[in-house]
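Remarks on the structure that follows.
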Amino acid sequence: MARLQLRNLQKSYGDFKAVHGINLEVEDGEFMVLVGPSGCAKSTTLRMIAGLERVTGGEIRIGETLVNDKAPGERGIAMVFQNYALYPHMKVRKNLSFGLRLKRRPADEIEEATRDVSNILEIGDYLERLPKQLSGGQAQRVAVGRALIKKPQVFLFDEPLSNLDAKLRASMRVRITDLHKQLKADGMQSTVVYVTHDQTEAMTMGDRICVMKDGHIMQVADPVTLYNRPANAFVAGFIGSPEMNLVDANLKGNVLSIGAQSHALSDQVMARLDQGHSPELILGVRPQHFSIADADTENTFEGRISHVEFMGHEVYLYVHVEGQQMIVVVSATNYDRSKINGDHVRLQPQPAAMHLFDRKSGENISLGHLQ
């Protein structure tokens, strides 16, 4: 097993700097997810770890070994690509065993390893098929098996589920995370770096998640911490579905104003605020952390409903408050139309779930004693 360390890692293409000196440690046996929007350099970072991109500056260490100048085959890694990258002229059996045959491993060892991996991934029935005879999910399992059979120190996954339909993506998420747990239980190498742009994949699969933007790391934490304690407005808006409501606000004393409407912050919220903050802030509240209040309830925000989506067990309300849109999610069983006056509604945020971000830096100034 091996720990992966990125120290001041940099990548430039001419005058363009894609990765800005990032530092990250992936612990032995950890499932680390790199997530962020397209162009944030998560795949570039993964390709540098794999040895497919040259490092401009900094260090990559696998275990205690500096691997910057080592060829991909010498790094003790195995990679699963977005497009599966199976050899089209080879049957599944040969695709799985190709890496071991290149290393001239004994035939009985190759046969045993192929059988074991086939059993783990439940692809034994496909061994004599060509890749073109496989479904997307079957081909992806073969690609995972080809990585697994090498027994690498670090597994690298580059958006491996993006070509699958929604139902198959969900089942493959479970299969990959279960495989990781099984390998750890069996004492096998299981350090994983997994790249995705899908925050649902990140939240459901990762032990920890590294959120990236424009070649910078914005926050590294477990899924619960990212959701409840976002370090900045970018993380708050990226993690969670629907995304957190982020609206411009101003704070004077304990009075938070959105346009002409004001809301007196509770002592609980005020105690969390950093000292010396700017009055120009961003209010962040997750859609699930609003409730619909009675018409005469004080200390609420009044808005106009522009759209309603019935999602089965939930109802999404799109509400305009002082020219800024908010999304409110309420349980379908608790959706009380009597509290809506025409198309107007009063929204009451949960004090414990209110976040305040500095409008210029984006930093969360309200983490204080937030649990």
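Numbering (the numbering used here), first residue to last: 36 to 406.
Think of the CB as a built atom: it goes at the ideal place given N, C-alpha and C, for glycine as much as any other residue.
Owing to the predicted nature of the structure, the values given are computational and were not obtained by experimental measurement.
Which partner residues of residue i appear in the DSSP bridge assignment?
i: isoleucine 293; result: Gln296
i: phenylalanine 336; result: Leu382
i: phenylalanine 192; result: Val115, Tyr229
i: lysine 52; result: Ser47
i: aspartate 283; result: Ile317
i: asparagine 267; result: Glu398
i: lysine 248; result: His251
i: serine 197; result: Per DSSP, none; premise fails for serine 197.
i: serine 326; result: Gln383
i: tyrosine 353; result: His342, Ile362
i: leucine 59; result: Leu41
i: valine 70; result: Thr231, Val246
i: arginine 96; result: Gln40, Leu101
By how many angstroms is the C-alpha of residue j removed from the C-alpha of residue i?
i: leucine 405; j: asparagine 43; result: Note that leucine 405 scores 49 on pLDDT, short of 50, meaning its location in the model is unreliable; the coordinates nonetheless yield the value given after this. Answer to the nearest angstrom: the Cα atoms are 31 angstroms apart.
i: isoleucine 375; j: arginine 381; result: 8 angstroms
i: proline 187; j: glycine 111; result: 5 angstroms
i: leucine 281; j: serine 197; result: 28 angstroms
i: methionine 346; j: phenylalanine 325; result: 17 angstroms
i: glycine 222; j: alanine 148; result: 16 angstroms
i: glycine 71; j: valine 270; result: 9 angstroms
i: leucine 261; j: valine 177; result: 33 angstroms
i: arginine 89; j: leucine 391; result: 40 angstroms
i: leucine 121; j: aspartate 309; result: 53 angstroms
i: glycine 56; j: histidine 312; result: 28 angstroms
i: aspartate 63; j: glutamine 217; result: 15 angstroms
i: isoleucine 84; j: valine 209; result: 25 angstroms
i: aspartate 371; j: isoleucine 274; result: 28 angstroms
i: aspartate 143; j: aspartate 233; result: 41 angstroms
i: valine 179; j: histidine 215; result: 11 angstroms
i: aspartate 213; j: isoleucine 244; result: 18 angstroms
i: arginine 38; j: glutamate 99; result: 8 angstroms
i: histidine 166; j: serine 373; result: For the record, residue 166 in the displayed sequence is proline; it is not histidine. One C-alpha to the other measures close to 58 angstroms.
i: glycine 171; j: histidine 124; result: 17 angstroms
i: asparagine 423; j: isoleucine 327; result: Any property of residue 423 remains undetermined from this structure, which presents the chain solely from 36 to 406.
i: arginine 164; j: glutamine 173; result: 11 angstroms
i: glutamate 236; j: proline 258; result: 11 angstroms
i: glutamine 383; j: valine 356; result: 12 angstroms
i: isoleucine 442; j: valine 228; result: The chain is shown only over 36 to 406; residue 442 falls outside these bounds and no answer can be derived.
i: arginine 140; j: glycine 74; result: 40 angstroms
Looking only at its chain, what residues have a beta carbon closer than 6 angstroms to the beta carbon of residue i, apart from the 5 residues adjacent to it on each side?
i: aspartate 378; result: Arg339, Ile340
i: serine 211; result: The sequence given here has isoleucine at residue 211, not serine. None.
i: leucine 291; result: Ala284, His298, Leu300
i: valine 304; result: Pro386, Met389
i: methionine 361; result: Asn280, Val354
i: glycine 92; result: Gln45
Please work out which residues of its chain come closer than 8 angstroms, Cβ to Cβ, to residue i, disregarding the five sequence neighbours upstream and downstream, and give them in chain order.
i: isoleucine 106; result: Before going further, note that residue 106 is alanine rather than isoleucine in the sequence given. Cβ within range, chain order: Gly86.
i: alanine 76; result: Lys46, Ala53, Val54, Met247, Asp249, Gly250
i: serine 366; result: His348, Glu349, Val350
i: leucine 199; result: Gly171, Gly172, Gln175, Met207
Which same chain residues, not among the five before or five after residue i, have their C-beta less than 7 angstroms away from its C-beta?
i: valine 230; result: Leu69, Lys77, Ser78, Leu81, Phe192, Asp193, Glu194
i: glycine 358; result: Gly294
i: glutamine 40; result: Glu60, Arg96
Establish whether the CB of residue i and some CB of chain D are separated by less than 7 angstroms.
i: glutamate 60; result: Structure shown: chain D not included; a single protein chain is present.
So, under 8 angstroms CB-CB, residue i and residue j are touching, yes? Tell me the CB distance rounded to an integer number of Å.
i: threonine 17; j: glutamate 94; result: The question about residue 17 has no answer here: the residues shown for the chain are numbered 36 through 406.
i: asparagine 58; j: asparagine 267; result: Actually they do not touch by this definition, with Cβ atoms about 17 angstroms apart.
i: leucine 286; j: proline 314; result: 5 angstroms
i: glutamine 175; j: tyrosine 119; result: 6 angstroms
i: glycine 403; j: arginine 307; result: 3 angstroms
i: methionine 67; j: aspartate 242; result: 7 angstroms
i: histidine 264; j: leucine 316; result: Checking the sequence, you will find arginine at residue 264 rather than histidine. Rounded, the Cβ-Cβ distance is 17 angstroms, inconsistent with contact.
Inset, instruction - Assess, as a yes-or-no matter, whether the region 246-254 is touched by the region 315-335 under the definition of 3 or more beta carbon pairs within less than 8 angstroms. - result: no
Legend entry - Meets three-Cβ-pair contact criterion under 8 angstroms: the region 316-327 and the region 272-281: yes
Legend entry - At least three beta-carbon pairs within less than 8 angstroms, the region 168-188 to the region 148-160: yes
Legend entry - Cβ pair count under 8 angstroms reaching 3, the region 121-132 against the region 199-209: no
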